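Numbering (our numbering), first residue to last: 29 to 78.
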């Protein structure tokens with residue numbers, strides 16, 4: 029039973045990573061709220077100066 033929960037968590041994390049990778053050019057901030065749970069993802073980067 030516990031293995032099932034870990035598998036579900038891995039699937040959710042991979043799905044979120046793929047989604048962020050797909051929209052990385054236009055994504056600055058992502059909020060998902062479901063009941064008492066909130067997921068926030070922020071895109072932060074620094075541009076290298078040559």
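Virtual Cβ for every residue (Gly too), placed ideally from N, Cα, C.
On a predicted model such as this, the values are computed, not experimentally measured, just so you know.
- If you look at residue 58, you'll find it in the beta strand (DSSP E) that goes 57-62.
- In this structure, residue 72 sits away from residue 48, with a CB-CB distance that is not shorter than 8 Å.
- Counting only the Cα atoms, residue 67 lies some 6 Å from residue 59.
- As DSSP reads the structure, residue 70 sits in a beta bridge with 57.
- Note: residue 65 is bridge-paired with 62 in the DSSP secondary-structure output.
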